[in-house]
Amino acid sequence: MEQGQAVPQPADAKATAGSLEQVLQHMAGHLVDADAQLKGMRSLQMFLDFGPKQQLLICRAKGGEAIIAAMKAHNSDAELQAHAALTLSSLAQACPETQSALLDAGAVEATVAAMRNYEDVEELQASCAVALATLSQDCLEAVQRVCLRGGAKAVVAMLCRPLTPDTEGVAWERACECLAVLVSQGKGAMALPWEEVAVAVVGVMLLMPAAAAVQVAGCWALEEFAKQGAAAGASAVCEAGGHSAIVAAMRRKGASAAVLNAGCRALTALALAADAAGGRPLQSECLDVGAAEAVVLALRAAAARAAKAPKAAASGLRLSCAALEAL
120 MEQGQAVPQP ADAKATAGSL EQVLQHMAGH LVDADAQLKG MRSLQMFLDF GPKQQLLICR
180 AKGGEAIIAA MKAHNSDAEL QAHAALTLSS LAQACPETQS ALLDAGAVEA TVAAMRNYED
240 VEELQASCAV ALATLSQDCL EAVQRVCLRG GAKAVVAMLC RPLTPDTEGV AWERACECLA
300 VLVSQGKGAM ALPWEEVAVA VVGVMLLMPA AAAVQVAGCW ALEEFAKQGA AAGASAVCEA
360 GGHSAIVAAM RRKGASAAVL NAGCRALTAL ALAADAAGGR PLQSECLDVG AAEAVVLALR
420 AAAARAAKAP KAAASGLRLS CAALEAL
């Protein structure tokens, strides 16, 4: 999963002067001061700008513990919780050693607690979903911890909440991405019924049809359900109306290469999962809702792009051809 911020850094959280040790000492000495903790976390983020080695240095210096201590000391401060989650995510990004260190420090528990305490704060929910996904990337132990501590349920619950006029969709996008990461480790890792998760993802895709990023993330999650759950996963997706949601997204967002490519990948996974289990009826269901026509639309769009940018359109051509073959 690509690293992405869900909320901006506070404008007044300027870097604290000094070395890493000084920053952590300052955070420890001013634990009750939320502003000091925000500034400390901003400093840690700035250290991370100097390269991946900084992740190890910060974690070995107990930076993860400092962030989690701040979260526990200021559990009534939603802004601090959101920035803490993002900093934990940055520390865990693509580094097994820091992932392990943060798991041992209690990062999952602190993040899930923040999600439960602030169910209606979209920015915080998004930040926490990013953190859980990054902590879980390619790490079965982390996925199991997230699910055991209620993280997967919290993410699904986020998807099931009603939309408000102020909803921007970033939390739902991050939630779908998080579920895709969790599911990628296999059905046993999720410890949640396929049907429940698929219904939640499809529901969000249908509620936010104009949000291309949500459609891409939803397609990714449904793709992983089909890949990891084989026929059972594909069946759950289709029973939830996932195949129809994918096709609808491709038709509605025909000008978006990202949506078309994500849709092709998801339809390919559904068709291959059904075929591997002898499930021709599922493939027929996909065809009945217009899957082939949607893929042809994607193929034509990729061909049109290829005339101007051959390299950029290559993946679209490959994905649409693979989807047609699978169907």
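Our numbering puts the sequence shown at residues 120 to 446. By construction, the Cβ of each residue, glycine as well, lies at the ideal position given by its N, Cα and C atoms. Being a predicted model, the structure only gives us computed values, none of them experimental.
- The beta carbon of Q304 is closer than 6 Å to those of L259, V262 in its chain, skipping five residues each way along the sequence.
- Between L143 and A185, the C-beta spacing is below 7 Å.
- The beta carbon of A425 sits closer than 6 Å to the beta carbons of A432 from its chain, once the five residues preceding and following it are set aside; these are given in chain order.
- Around E292, the same chain offers A332, V333, A336 as residues with beta carbons nearer than 6 Å, after the five sequence neighbours per side are excluded.
- Put simply, the region 156-174 touches the region 182-196. At least three CB pairs are less than 8 Å apart.
- The beta carbons of E140 and A201 sit no closer together than 7 Å.
- Pairing S209 with L254 gives a Cβ-Cβ distance that is not under 7 Å.
- Nearest to A233 by alpha-carbon distance, out of A189, C279, M324, A423, is A189.
- Within the region 287-347, the alpha helix (DSSP H) runs of at least 4 residues that lie entirely inside it are, in chain order, 289-302, 306-309, 313-326.
- Inclusion of L207 and A224 in the CB contact set at 7 Å is not warranted, their separation being larger than that value.
- Between C214 and Q174 a beta carbon distance of about 5 Å is seen, short of the 8 Å cut, so the two are scored as contacting.
- Inter-residue distance for L406 and L267 is about 38 Å (C-alpha atoms, whole angstroms).
- Counting only residues of its own chain and dropping the five nearest sequence neighbours on each side, A390 has a CB closer than 7 Å to the CB of Q402, C405, A445, L446.
- H193 carries a coil assignment under DSSP once its states are collapsed to helix, strand and coil.
- Residue environment for C279: exposed (fewer than 16 other C-beta atoms within 10 angstroms of its C-beta).
- Taking a C-beta distance under 7 Å as the contact criterion, V321 and G360 qualify as a contact pair.
- DSSP places P429 within a helical segment (H, G or I) once states are collapsed to three.
- Around the Cβ of G148, a 10 Å sphere holds fewer than 16 other Cβ atoms; the residue is exposed.
- Residue environment analysis places E238 among the exposed positions, since fewer than 16 neighbouring C-beta atoms fall within 10 angstroms of its C-beta.
- Relative to A392, the option among V316, F344, M369 whose CA is nearest is F344.
- In the structure shown, G159 adopts helical secondary structure according to DSSP, grouped into three states.
- Within the model, the alpha-carbon separation for E342 versus L386 is close to 7 Å.
- Using a 10 angstroms sphere on the CB of A410, the tally of other CB atoms reaches 16 or more, which defines it as buried.
- If you compare the alpha carbons of K191, D196, T217, H193 with that of L176, the shortest gap goes to T217.
- With fewer than 16 other beta carbons inside 10 angstroms of its own, A422 counts as exposed.
- The closest CA to that of A377, considering only S363, A349, P400, A330, is found on A330.
- L298 is a Cβ neighbour of A340, given a cutoff of 7 Å.
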